[in-house]
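Okay, so here's the structure we're looking at.
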Amino acid sequence: MTDHTGSTQKDAIRSFPLVMSQGEHRSDDLQSGLGILLDVGLVFQQVDRLVPSPALFVLASLSDIDAVRHLRRVTTDRADPFALIEIGAAGEAAVIEACRAELKSLGHVELAAKVMQVSLLDDTLGYDVSAPTLTGQARLLEVKTTMQYHRDLFVFFLSRNEFEIGRHSRAWAMVACEAVGGSAQVIGWCRASAIAPYLPADRRGRWTEARIRLPRSVLLEGLPPAI
1 MTDHTGSTQK
11 DAIRSFPLVM
21 SQGEHRSDDL
31 QSGLGILLDV
41 GLVFQQVDRL
51 VPSPALFVLA
61 SLSDIDAVRH
71 LRRVTTDRAD
81 PFALIEIGAA
91 GEAAVIEACR
101 AELKSLGHVE
111 LAAKVMQVSL
121 LDDTLGYDVS
131 APTLTGQARL
141 LEVKTTMQYH
151 RDLFVFFLSR
161 NEFEIGRHSR
171 AWAMVACEAV
181 GGSAQVIGWC
191 RASAIAPYLP
201 ADRRGRWTEA
211 RIRLPRSVLL
221 EGLPPAI
């Protein structure tokens, strides 16, 4: 917690377990909320201090319903839907290219030709790219691409459907990409089990989409192996 003068990020995070929320919010939920406030400019980072904007105090004076409605509008307005589509497409293109290059380097040009961008056909499958392995099993790759660089975190949105597909399929993996200019690069991957500890809890309702702040240390290098 902080006042108008701000506080260090370490002190702010240390205070989260002390917040009296009657068990409604975990400390990691509050940390995710802090990330949203930083993203929309309601909190600023000045060197090692977190400083609230004047607008944050106005937001804090609103009812919970009005505050949530305002935050949703702000985050939606800040996101250009066409830009998000382009960023997502760039990430998927990077993953497809990397999968094909890997298979070609292993001497399997015919398998490289079978890498498919299934999201173009159906975006409800729970994964974006299907890439074969040398054993014949397909890798089901859900691609997440971000423009916002965090040194220690990879921040992305995950749907319930995507997670459930990943939870039940050993072939599923989330592939993390970063947008760089008009293209993207693969930075790592992980299974659904590695994401699970960072999901919100179903308390007063069932979450359908979540903003995940995944430690970069969780990500494995490159792509799920084809061998």
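Take the sequence shown: its letters are residues 1 to 227, numbered as in full-length UniProt numbering.
Using N, Cα and C, we set each Cβ at its ideal position, and we do this for glycine too.
Item                                                                                                   : Value
L158, DSSP secondary structure in three states                                                         : strand
DSSP bridge partner residues for L144 (one or two, in chain order)                                     : The sequence given here places Lys at residue 144; Leu does not occur at that position. A176, per the DSSP bridge assignment.
Neighbour-count burial assignment, V175, 16 or more Cβ in a 10 Å radius                                : buried
Burial state of T135 (16 or more Cβ within 10 Å)                                                       : exposed
L34 to S61 span [Cα, whole Å]                                                                          : 17 Å
Three-state secondary structure assigned by DSSP to M20                                                : Per-residue confidence for M20 stands at a pLDDT of 45, beneath the threshold of 50, marking its modelled position as unreliable; no derived number is given.
Length of the line joining the Cα atoms of I85 and D66                                                 : 29 Å
Stretch-stretch touch, CB-based, cutoff 8 Å, three pairs: the segment 213-222 with the segment 148-163 : yes
Beta-carbon separation (whole angstroms), D128 vs E92, contact threshold 8 Å                           : 5 Å
Distance, E162 Cα to A89 Cα                                                                            : 17 Å
Nearest to I227 (by Cα), restricted to the options L141, P132, K114, V58                               : P132
Continuous beta strand (DSSP E) stretch holding A184: start and end                                    : 183-190
Secondary structure, beta strand (DSSP E): runs of 3+ residues fully inside the segment 111-140        : 129-132
Extent of the continuous alpha helix (DSSP H) run through L56                                          : 54-60
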